[in-house]
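Let me begin by presenting the structure, written as C-alpha cells, before commenting on it.
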Amino acid sequence: MAAPGAEGGAAGGDAARAKRKGLLVRLTVAPLVLGVVLALLWWHDASGSSAPTDVVLALMGGAAAYEACATLARAGRRLPVATVVVACAALSGLGLVAPHDAALRGTLRSLVLAGAVVAIFVAHLRTVREGDLDRLLAAFFPVVFVGYCFGLVREVGDGPLGARALALVIVAAKASDIGGWIVGKTMGRHRMIPSVSPGKTWEGTIGGLLFSAGAGVAVLAATGPLPGLATTSLEAAVLGVLLGAASILAGLCHSAFKRRCAVKDSSSLLPEMGGILDMIDSLVLAAPVALLWLTVR
Numbered sequence: 002m003a004a005p006g007a008e009g010g011a012a013g014g015d016a017a018r019a020k021r022k023g024l025l026v027r028l029t030v031a032p033l034v035l036g037v038v039l040a041l042l043w044w045h046d047a048s049g050s051s052a053p054t055d056v057v058l059a060l061m062g063g064a065a066a067y068e069a070c071a072t073l074a075r076a077g078r079r080l081p082v083a084t085v086v087v088a089c090a091a092l093s094g095l096g097l098v099a100p101h102d103a104a105l106r107g108t109l110r111s112l113v114l115a116g117a118v119v120a121i122f123v124a125h126l127r128t129v130r131e132g133d134l135d136r137l138l139a140a141f142f143p144v145v146f147v148g149y150c151f152g153l154v155r156e157v158g159d160g161p162l163g164a165r166a167l168a169l170v171i172v173a174a175k176a177s178d179i180g181g182w183i184v185g186k187t188m189g190r191h192r193m194i195p196s197v198s199p200g201k202t203w204e205g206t207i208g209g210l211l212f213s214a215g216a217g218v219a220v221l222a223a224t225g226p227l228p229g230l231a232t233t234s235l236e237a238a239v240l241g242v243l244l245g246a247a248s249i250l251a252g253l254c255h256s257a258f259k260r261r262c263a264v265k266d267s268s269s270l271l272p273e274m275g276g277i278l279d280m281i282d283s284l285v286l287a288a289p290v291a292l293l294w295l296t297v298r
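In case it helps, my numbering puts the sequence shown at residues 2 to 298.
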C-alpha cells in the first residue's frame, strides 16, 4: 500500500506535468492561430481586397454564435439556433455587401439587428410555455455580444491601410490574453475576481497590459504610421493598453457567462484554448474601443 505522502507526491507530479503540457500546447497553438490571421491580413493588404477577411469574419461570427447557443442549451435555454447564427454571421460579414461604404454598413447593421429581434419574437407568437421568457431574453445575448460587438471589428479595417490597422488591434488585444496567461501562470499570486475567473490574477493582468502595449508598438514598427489609429510609438502603446484592458474586461464577461452556464470552454475545438468564442472574446470589446479611438481622435 502506497504511503499517503507518496500519493500526494504523485498527484502533485501529475498536476505539474499537466501544467507544463498546457503551457506547451498554448505556446504552440496560439502562435499558429495568430500566424494564420496575420497571413490572411497580409493577403488583404497585398491584394487590396477585404473579401477574404470578410468571409473569415462572417464564418467566425456564425461559429461563435453557434457555440454560444450550445452553451446556453447546456444551461437549459434552447434557442432558435438558425436565426441566431444567421444574424451573427450577417452582422460579422457586412463587409461582403458593402466593402467600401461604412455608412451603408452602419445602416445594414441596424436593419439586421432589428430583423433578428423581430425573428426571435416571431418564434414566440404562440401559446406561452414554461421558460419562454428565459429563452426569449437569452436569444438576444449572442446576437448582441457576438454579432453586433464582434461585427464592429470590420469597422477598423476600412481604407487602404485597413488590414494593417486590423493587425494592430487584433495583435494588441490577443497579446493581453497571451501575456496575461503566461505571467499569471508563472508569477501570479493574487487572484483578481476568483468568483468569476479563478485563474486570473492581478500579476497576470498587469503582464497582459504590458504585452498589449509592446505588441502595439511592435506592430506599428512593422506596418509604419497608421493615420487615425497610431502614428507614434507612444500612441501605439497607449492604444495597446486600452485594447488590453478591453480584452481583459471582455474575457471576464465571457467567464461570467460560462460560469452561469456551468461550462469551462465554449467548445473543445482548440486544445487548451476552447472554441471560437473563447478565441475571439477579447475582440468583442476591443473592437468598440478601437472604433471609439478612431472617432474621437
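For every residue, glycine included, the Cβ atom is placed at its ideal position computed from N, Cα and C.
Beta-bridge partners of residue i, as assigned by DSSP
| i | result |
| --- | --- |
| residue 192 | 202 |
| residue 115 | Answer by DSSP bridge pairing: none, since residue 115 is not bridged. |
| residue 231 | 227 |
Pick from the options that is closest to residue i, judged by C-alpha positions
| i | options | result |
| --- | --- | --- |
| residue 280 | 256, 298 and 86 | 256 |
| residue 261 | 296, 250 and 74 | 74 |
| residue 212 | 245, 254 and 146 | 245 |
| residue 247 | 174, 143 and 224 | 174 |
| residue 157 | 55, 264, 265 and 77 | 55 |
| residue 32 | 133, 206 and 179 | 179 |
| residue 265 | 58, 68, 150 and 28 | 68 |
| residue 155 | 51, 28, 267 and 269 | 51 |
| residue 201 | 234, 168, 253 and 282 | 253 |
| residue 100 | 161, 225 and 274 | 161 |
| residue 141 | 36, 195, 241 and 121 | 121 |
| residue 219 | 195, 258, 196 and 169 | 169 |
| residue 206 | 226, 242, 225 and 171 | 242 |
| residue 159 | 95, 139 and 133 | 95 |
| residue 227 | 28, 167, 103 and 268 | 167 |
| residue 292 | 103, 48, 29 and 37 | 103 |
Rounded distance between the beta-carbons of residue j and residue i, thought under 8 Å
| i | j | result |
| --- | --- | --- |
| residue 66 | residue 34 | That pair is no contact at about 19 Å. |
| residue 53 | residue 39 | With a Cβ gap of about 13 Å, residue 53 and residue 39 do not count as contacting. |
| residue 90 | residue 107 | Actually they do not touch by this definition, with Cβ atoms about 18 Å apart. |
| residue 191 | residue 203 | 5 Å |
| residue 92 | residue 110 | 6 Å |
| residue 184 | residue 208 | 3 Å |
Through-space distance from residue j to residue i, alpha-carbon basis
| i | j | result |
| --- | --- | --- |
| residue 60 | residue 278 | 12 Å |
| residue 221 | residue 80 | 42 Å |
| residue 97 | residue 251 | 26 Å |
| residue 119 | residue 188 | 49 Å |
| residue 298 | residue 229 | 7 Å |
| residue 216 | residue 237 | 9 Å |
| residue 83 | residue 232 | 43 Å |
| residue 1 | residue 186 | Absent from the structure is residue 1, since the part of the chain shown begins at 2 and ends at 298. |
| residue 114 | residue 235 | 37 Å |
| residue 165 | residue 223 | 9 Å |
| residue 177 | residue 129 | 45 Å |
| residue 123 | residue 88 | 15 Å |
| residue 76 | residue 263 | 7 Å |
| residue 294 | residue 57 | 24 Å |
| residue 117 | residue 78 | 18 Å |
| residue 163 | residue 45 | 9 Å |
| residue 284 | residue 145 | 13 Å |
| residue 259 | residue 286 | 17 Å |
| residue 171 | residue 195 | 27 Å |
| residue 193 | residue 214 | 21 Å |
| residue 249 | residue 198 | 11 Å |
| residue 267 | residue 296 | 33 Å |
| residue 29 | residue 282 | 20 Å |
| residue 131 | residue 72 | 20 Å |
| residue 289 | residue 112 | 19 Å |
| residue 139 | residue 225 | 43 Å |
| residue 210 | residue 274 | 20 Å |
| residue 240 | residue 143 | 27 Å |
N-terminal and C-terminal residue of the alpha helix (DSSP H) that residue i is part of
| i | result |
| --- | --- |
| residue 236 | 234-261 |
| residue 274 | That residue, residue 274, is in no alpha helix (DSSP H); it is neither H nor E in DSSP. |
| residue 143 | 133-143 |
| residue 73 | 52-75 |
| residue 93 | 82-93 |
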